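Only one structure is covered here, and it is reproduced in the block below.
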Amino acid sequence: MKRVEFFFDFSSPFAYLASTQIEALTARKGASLVYRPFLLGALFKAIGTPNVPLFAMPAPKRRLVTADLHRWADHWGVPFRFASRFPMNTVKPLRMVLATPEDHVAAFVNAVYRAYWVEDRDISADEVLADIAASVGLDGAALVAATTDERMKQGLKDVTEQAERIGVCGAPSFLVGDILFWGQDRLLFVEKALDGWRPKDP
Numbered sequence: 015m016k017r018v019e020f021f022f023d024f025s026s027p028f029a030y031l032a033s034t035q036i037e038a039l040t041a042r043k044g045a046s047l048v049y050r051p052f053l054l055g056a057l058f059k060a061i062g063t064p065n066v067p068l069f070a071m072p073a074p075k076r077r078l079v080t081a082d083l084h085r086w087a088d089h090w091g092v093p094f095r096f097a098s099r100f101p102m103n104t105v106k107p108l109r110m111v112l113a114t115p116e117d118h119v120a121a122f123v124n125a126v127y128r129a130y131w132v133e134d135r136d137i138s139a140d141e142v143l144a145d146i147a148a149s150v151g152l153d154g155a156a157l158v159a160a161t162t163d164e165r166m167k168q169g170l171k172d173v174t175e176q177a178e179r180i181g182v183c184g185a186p187s188f189l190v191g192d193i194l195f196w197g198q199d200r201l202l203f204v205e206k207a208l209d210g211w212r213p214k215d216p
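Taking our numbering, the leading residue of the sequence shown gets 15, the next gets one more, and so forth.
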């Protein structure tokens, strides 16, 4: 079966936008979707990228990149507002994804993204995370407790190292077979790859 691996961090507004489209895209193409939560900040440190690239941009570029976020949201008809708490420590919700039963992962990921990039909630707070988990039928207290589990800590580290190893440079990134794509604006390439297209990379 065709498969898309979705590398994401809740701290990325671009990954939020991608999350609103990737489920429908993979369903349309008969492909499975695998969520790969990773620590974007740790990856940036490892590859020599500023911790918050948006803040490191010249003002004109930063204005246009920010405008693009709203334009993409409008294009796809999805809600979006830039979080008042940015950047956000996302270690706990990312570990919670790893502890979530597979059949609830998509719902939990979507709920966390909505809480942060639509409702402007503090997704580093235990009580907020427990409430989000409960809203999609999960045991919030148990999932929050799982964030201190060594297996979840190691799991998040492992995916982050995997991301670096395969060449991920930001979020969202998508792995289709052995082809890596970066950015919510590359979803058309993801779709083409699922149809058998191979880009003519240099």
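By construction, the Cβ of each residue, glycine as well, lies at the ideal position given by its N, Cα and C atoms. All of these numbers come straight from a predicted model, not from anything done at the bench.
Here residue 19 really is in contact with residue 188; their C-beta atoms are around 7 Å apart, less than 8 Å.
Distances from the CA of residue 46 to each of 173, 190, 203, 114 were compared; the closest alpha carbon is that of 190. For residue 187, the uninterrupted beta strand (DSSP E) segment begins and ends at 187–190.
In terms of Cα proximity to residue 197, the closest of 174, 142, 30 is 30.
With a contact defined as Cβ atoms closer than 8 Å, residue 57 and residue 177 qualify at about 6 Å.
Burial check for residue 186: the Cβ neighbour count within 10 Å reaches 16 or more, so the residue is buried. When the five nearest sequence neighbours on each side are left out, the beta carbons in the same chain lying within less than 6 Å of the beta carbon of residue 92 are those of 34, in order along the chain.
With respect to the 9 Å criterion, residue 78 and residue 169 are not classified as neighbours on the basis of their beta carbons. With respect to the C-alpha of residue 200, the residue from 159, 140, 25, 32 having the closest C-alpha is 32. Apart from the 5 residues on each side of it in sequence, residue 70 sits with its Cβ closer than 6 Å to the Cβ of 64 in its chain, given in chain order. DSSP, read as helix, strand or coil, puts residue 116 in helix. Secondary structure note for residue 137: it is in no beta strand (DSSP E), with a DSSP letter that is neither H nor E. For the pair residue 125 and residue 118, the Cα-to-Cα distance works out to about 11 Å.
Cβ neighbours of residue 52 within its own chain (closer than 8 Å, five residues either side excluded): 21, 22, 23, 108, 170, 173, 174, 176, 177, 182, 185.
Non-local beta-carbon contacts of residue 103 in its own chain, meaning distances under 6 Å to residues more than five positions away in sequence, involve 138 in chain order. Bridge partners of residue 51 according to DSSP: 22. Rounded to whole angstroms, residue 85 and residue 122 show a C-alpha spacing of 25 Å.
Residue 106 is positioned such that its CB atom lies no closer than 9 Å to that of residue 150.
In the assembly as shown, residue 25 is a buried residue. Its beta-carbon has 16 or more other beta-carbons within 10 Å. The C-beta distance from residue 160 to residue 110 rounds to 7 Å, short enough to fall under 8 Å.
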